[in-house]
Amino acid sequence: MQTGNFLYAPRWVKLTALMVLSLALVTALAVVIYYMDRGGRDSWVLVAISLAQIAASGLVIALIVFFSQRDANLTVLRARIREFLLHSLPRGLLILDCAPPQEASWQPGRGWRKKAWRSSYPESNVSIRLRYTSCGVECLYFVKAQGRTLVLRAQVNMGEVVFTLYLPAATEAAMEERRQQLDWGLSRLTGVSGYRQDWYFAVESFDNRSHAVVFLTRDFGTDFLDDNRLMLFVVNDLALNLRGLLKDCIERGIPTSYEDEAPRPALSKAG
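Residues 679 to 949 in this note's numbering are what the sequence shown lists, from first letter to last.
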């Protein structure tokens with residue numbers, strides 16, 4: 679009920695229900711008008727008034743229920759998946775390398791109308807390449823941020839969401855090393871956000887190279903695609919955790935893709 683999808687029904691069922699309710703309302707009103715001034719028909723008038731009230735109430739409720747949200751048919755569901763994969767998620771990933779925070783003095787009652795803070799999208803140095811098939815349920819992202827590349831795949835099957843990270847690994851032993859190195863970085867997604875974590879070693883078709891593959895899976899329920907607040911949380915939560923993971927990899931010299939050129943640990947500043 680919170681998402682606004684009250685009823686999943688074919689369009690012909692909705693139109694038929696509206697026609698029946700409209701016909702009942704018109705008929706009841708006609709009976710009331712016809713017998714209003716005729717004696718001995720009071721019971722008919724009362725019944726017609728009751729029928730008109732029921733039909734009018736049903737018509738209003740039907741209009742709200744049927745047309746408050748678009749039909750949950752396959753075309754609409756695919757469109758919502760496409761919107762999430764091609765718009766919502768990439769926009770969230772912009773925070774992986776956004777501009778430094780801006781500072782201003784706080785004052786009571788100040789409108790805070792600074793243009794940079796009112797923008798719908800953050801100023802970002804992130805560049806993203808996508809691989810997506812029409813009407814698909816998944817998308818592959820090559821995300822460049824902070825001089826690194828992250829390869830991420832997102833899959834949406836109604837409420838089940840799977841995010842997959844591809845990290846360079848020449849052998850299964852290298853995969854186990856990556857697992858140990860990133861255990862802390864992924865712990866918030868698994869321990870707090872509730873994702874299930876799975877690892878495997880494989881050669882992937884997008885570059886024909888071997889990878890340590892991390893699956894992060896969670897089922898958010900069948901109303902996931904209708905709940906904008908939940909989708910915003912999922913996107914922001916993933917982006918914030920990836921930003922922390924990327925920072926950790928840079929500081930510790932952990933490669934995030936084969937495109938990285940001999941990553942080195944960040945130099946610590948002298949005290």
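For glycine and all other residues, C-beta sits at the position ideal for the given N, C-alpha and C.
Small disclaimer: the values here were computed from a predicted structure and weren't measured.
Going by DSSP, Thr-827 is part of the beta strand (DSSP E) stretching over 826-835. The Cβ atoms of Val-892 and Thr-842 lie closer than 8 Å to each other. Leu-924 is not a Cβ neighbour of Ala-848, given a cutoff of 8 Å. Approximately 13 Å separates the beta-carbon atoms of Ala-734 and Leu-696; this is outside 8 Å, ruling out the contact. The bridge partners DSSP lists for Ser-700 come to none. Annotated three-state conformation of Val-870 is coil, per DSSP. Ranked by Cα distance from Leu-729, the options Glu-838, Leu-741, Val-881, Val-709 are led by Val-709.
CA-to-CA, the gap between Ala-706 and Ile-732 works out to about 10 Å. When the alpha-carbon of Ser-805 is set against those of Arg-866, Asp-715, Glu-838, Ile-773, the nearest one is in Ile-773. When secondary structure is reduced to three states using DSSP, Val-710 falls in the helix class. At the C-beta level, Leu-828 and Thr-934 come within 8 Å of one another. The residue from Leu-818, Ala-740, Gly-736, Asp-904 with its alpha-carbon nearest to that of Lys-692 is Ala-740. When rounded, the separation of the alpha-carbon atoms in Ser-883 and Tyr-844 is 12 Å. With contacts defined by Cβ atoms closer than 8 Å, Ala-890 and Phe-898 do not form a contacting pair. For Asp-915, no beta strand (DSSP E) encloses it; the enclosing alpha helix (DSSP H) starts and ends at 906-930. For Val-839, there is no enclosing alpha helix (DSSP H); the residue is found in the beta strand (DSSP E) stretching over 838-846.
Leu-755 is positioned such that its CB atom lies closer than 8 Å to that of Leu-903. Taking a 10 Å sphere around the C-beta of Met-714, we find fewer than 16 other C-beta atoms and assign the residue as exposed.
Annotated three-state conformation of Thr-895 is strand, per DSSP. Leaving aside the five residues that flank Ala-726 on each side, the residues in its chain whose CB is nearer than 6 Å to its CB run, in chain order, Ala-706, Val-709, Val-710. By the Cβ-count criterion, Gly-872 is exposed, with fewer than 16 other Cβ atoms from all chains shown falling within 10 Å of its own Cβ. For the pair Arg-826 and Val-839, the Cα-to-Cα distance works out to about 25 Å. As the crow flies, the alpha-carbon of Gly-837 is around 54 Å from that of Tyr-712. Partner residues in the beta bridge of Trp-877, as assigned by DSSP, are Val-892. DSSP lists Val-821 as the bridge partner or partners of Ile-806.
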